[in-house]
Amino acid sequence: MADQQLPQPVQDFVDQIRTYCAEGKTDEDLWPTVAIHLKELLEDPDLVAQSKTWPDTKKGDGPPSNLLFYEDPDYGFVLNALVKGPNSVTNVHDHGPSWTLYGVLDGGEHIQRFSRADDNPTEEGPAELKFNGEFDVVPGYIDVVPPWEIHQEANGDHRTIGFIVRSQRSGTFKQYRYDPEDGGISAYNGPTQIPYSL
Numbered sequence: 001m002a003d004q005q006l007p008q009p010v011q012d013f014v015d016q017i018r019t020y021c022a023e024g025k026t027d028e029d030l031w032p033t034v035a036i037h038l039k040e041l042l043e044d045p046d047l048v049a050q051s052k053t054w055p056d057t058k059k060g061d062g063p064p065s066n067l068l069f070y071e072d073p074d075y076g077f078v079l080n081a082l083v084k085g086p087n088s089v090t091n092v093h094d095h096g097p098s099w100t101l102y103g104v105l106d107g108g109e110h111i112q113r114f115s116r117a118d119d120n121p122t123e124e125g126p127a128e129l130k131f132n133g134e135f136d137v138v139p140g141y142i143d144v145v146p147p148w149e150i151h152q153e154a155n156g157d158h159r160t161i162g163f164i165v166r167s168q169r170s171g172t173f174k175q176y177r178y179d180p181e182d183g184g185i186s187a188y189n190g191p192t193q194i195p196y197s198l
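Position one of the sequence shown corresponds to residue 1 (this note's numbering), numbered consecutively onward.
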């Protein structure tokens with residue numbers, strides 16, 4: 001994935017992330033800064049047009065997959081897409097120890113945020129979830145999701161295309177689903193990764 005030819009705007013984006021990584025930025029500085037560049041990338045008309053041809057990677061309440069466009073050989077960050085068919089709903093989940101930038105290319109969705117109100121270890125239940133609010137996102141919005149932030153998304157009666165930057169590839173770490181009813185927690189490897197050329 002690292003040696004493929006990326007479209008120039010995407011390659012420029014990757015090069016900028018690599019520069020920041022080489023400078024030794026902390027995660028807390030790095031990913032919010034990258035989000036600014038991601039917002040610019042989402043305005044690229046060729047990327048927007050191409051995204052409309054990408055296959056759905058999540059339907060209804062079924063398990064998600066991600067298109068995998070790029071994995072950096074030195075710093076480990078990846079470029080993904082999550083393409084949700086109409087009426088897709090995720091489980092309540094986190095992204096484990098990874099940072100995630102979720103940029104909306106097309107469509108939109110409703111996001112709910114939660115945090116844990118219990119004192120149990122991060123990876124153990126039962127989890128008492130506190131509701132922290134909800135909001136809608138539209139094309140051009142960048143959701144910066146730090147490690148362990150708990151959330152759920154639903155997109156309504158339309159297709160939603162998310163272009164995603166992750167600090168590391170799903171499957172290289174454990175993340176967790178939460179049952180709001182009984183506080184149960186289950187570990188999983190995250191979305192299945194599907195190599196896909198831009």
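Virtual Cβ for every residue (Gly too), placed ideally from N, Cα, C.
- In the DSSP assignment, what residue or residues form a beta bridge with S65? Counted from its first residue, the sequence shown places residue 65 at position 65. S65 pairs with T192.
- Query: Considering K25, what are the terminal residues of the beta strand (DSSP E) in which it resides?
  - Reply: For this step, residue 25 is matched to residue 25 along the sequence shown. That residue, K25, is in no beta strand (DSSP E); it is neither H nor E in DSSP.
- Item | Sub-8 Å separation of K174 and G76 beta-carbons | Residue 174 sits at position 174 when you count from the first residue of the sequence shown. Residue 76 sits at position 76 when you count from the first residue of the sequence shown. No, the Cβ-Cβ distance between K174 and G76 is not below 8 Å.
- Task: Using DSSP bridges, identify the partner residues of Q152.
- Result: The residue labelled residue 152 in the question sits at position 152 within the sequence shown. Beta-bridge analysis with DSSP links Q152 to Q112.
- Task: Pull up the DSSP beta-bridge partners for N91, would you.
- Result: On the sequence shown, position 91 is the one that residue 91 refers to. Beta-bridge pairing links N91 to no other residue.
- Message: Which residue wins for smallest C-alpha separation from T90, given the options Q112, P73, E71 and A81?
- Response: Here residue 90 refers to the residue found at position 90 of the sequence shown. Residue nearest to T90 within the set Q112, P73, E71 and A81 is Q112 (criterion: CA-CA distance).
- Please confirm whether Q193 and L68 have their CB atoms less than 8 Å apart. For the purposes of this step, residue 193 is taken as the residue at position 193 of the sequence shown. For the purposes of this step, residue 68 is taken as the residue at position 68 of the sequence shown. In terms of Cβ geometry, Q193 and L68 form a close pair [threshold 8 Å].
- Query: Any idea what DSSP makes of S216, helix, strand or coil?
  - Reply: Residue coverage of the chain in this structure runs from 1 to 198, which leaves residue 216 outside it and unanswerable.
- Query: How many Å lie between G184 and D74 at the Cα?
  - Reply: Position 184 of the sequence shown, counted from the first residue, corresponds to residue 184. Position 74 of the sequence shown, counted from the first residue, corresponds to residue 74. When rounded, the distance between both Cα atoms is 36 Å.
- Inter-stretch contact (C-beta, 8 Å, three-pair minimum) for the region 100-108 and the region 129-148: Counting Cβ pairs under 8 Å, three or more are found: they touch.
- Simplified DSSP assignment, three categories, for E43: Residue numbering aside, residue 43 sits at position 43 when the sequence shown is read from its first letter. DSSP places E43 in coil when its eight states are reduced to three.
- Just the C-alpha distance for N80 and K58, rounded to the nearest angstrom, thanks. Counting from one through the sequence shown, the residue named residue 80 turns up at place 80. Counting from one through the sequence shown, the residue named residue 58 turns up at place 58. Put simply, the backbone Cα of N80 is about 13 Å away from that of K58.
- Return the Cβ separation of G107 and N155 in integer angstroms, given the expectation that the two are a contact with Cβ distance under 8 Å. Numbered from 1 along the sequence shown, position 107 holds the residue referred to as residue 107. Numbered from 1 along the sequence shown, position 155 holds the residue referred to as residue 155. Yes, they are in contact, since the Cβ atoms of G107 and N155 sit about 6 Å apart, within 8 Å.
- Task: Express the C-alpha separation of P45 and G171 in angstroms, rounding to a whole number.
- Result: Position 171 of the sequence shown, counted from the start, is the residue given in the question as residue 171. Position 45 of the sequence shown, counted from the start, is the residue given in the question as residue 45. So the two alpha carbons sit approximately 31 Å from each other.
- Task: Under 7 Å Cβ to Cβ from T122, same chain only, skipping five residues before and after it: list those, please.
- Result: Counted from its first residue, the sequence shown places residue 122 at position 122. Result list for T122: W148, in chain order.
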